[in-house]
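In the working numbering, the protein residues as written are 58 to 242.
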């Protein structure tokens with residue numbers, strides 16, 4: 058699995074955490090395919106087929122339910138279905154609500170690593186509790202890319218390992234974590 062494959066879905070999981078009630082991916086892959094096709098690829102079967110590396114006929118089968126996407130295709134379709142469920146306007150409205158409330162959020166990263174020292178990871182933590190400010194949560198809500206979201210979480214991890222503010226030796230890009238190990242509470 059490449060680094061990009063491991064990161065895929067991070068923004069979708071954040072959005073599901075923030076929009077708990079109604080912004081989850083549809084359960085049926087036929088519905089997921091239809092939503093993604095219409096809202097992200099503007100109804101162009103060739104475009105979605107090219108993006109997934111399948112034929113337009115396969116996309117048609119996903120729509121009819123005679124075939125079901127598997128593996129990476131299933132994960133990507135689910136993530137993109139979540140992405141199209143939350144509009145830019147809705148995310149902006151939720152981000153403003155969070156900022157106005159001035160209430161942050163708790164989060165955790167179950168595993169994180171940092172730079173190698175003689176072949177061994179310098180930090181191995183089984184649990185990193187994070188406190189995100191309202192502004193950081195709003196930035197997460199507004200983020201459109203995996204890199205933006207990871208930078209926000211990386212900054213919170215660095216703050217945790219820096220002891221809150223006194224020590225400033227770590228920066229956001231000193232840490233690696235699997236986005237699947239991140240939980241927003």
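In this text, a Cβ means the ideal position worked out from N, Cα and C, and glycines have one as well.
Hey, residue i and residue j are a contact pair by Cβ (cut 8 Å); roughly how many whole angstroms apart?
| i | j | result |
| --- | --- | --- |
| residue 152 | residue 198 | 4 Å |
| residue 162 | residue 237 | With a Cβ gap of about 19 Å, residue 162 and residue 237 do not count as contacting. |
| residue 67 | residue 207 | 7 Å |
| residue 104 | residue 98 | 4 Å |
| residue 72 | residue 143 | 5 Å |
Go ahead and pull the three-state DSSP assignment for residue i.
| i | result |
| --- | --- |
| residue 162 | strand |
| residue 150 | helix |
| residue 84 | coil |
| residue 79 | Here the model assigns residue 79 a pLDDT of 48, short of 50, so the residue's position is not dependable, and the following value carries that caveat. Coil at residue 79, not helix or strand. |
| residue 188 | strand |
| residue 227 | coil |
| residue 234 | coil |
Check the DSSP bridge columns for residue i and list the partner residues they point to.
| i | result |
| --- | --- |
| residue 113 | BP columns for residue 113 are empty, so no partner. |
| residue 240 | 165 |
Taking residue i as the reference, give the member of the options with the closest Cα.
| i | options | result |
| --- | --- | --- |
| residue 94 | 118, 129, 73, 74 | 118 |
| residue 156 | 129, 134, 191 | 191 |
| residue 230 | 210, 196, 74 | 210 |
| residue 201 | 220, 102, 141, 166 | 141 |
Between the region 209–219 and the region 142–149, can you find at least three pairs of beta-carbon atoms closer than 8 Å?
Too few Cβ pairs lie closer than 8 Å, so no.
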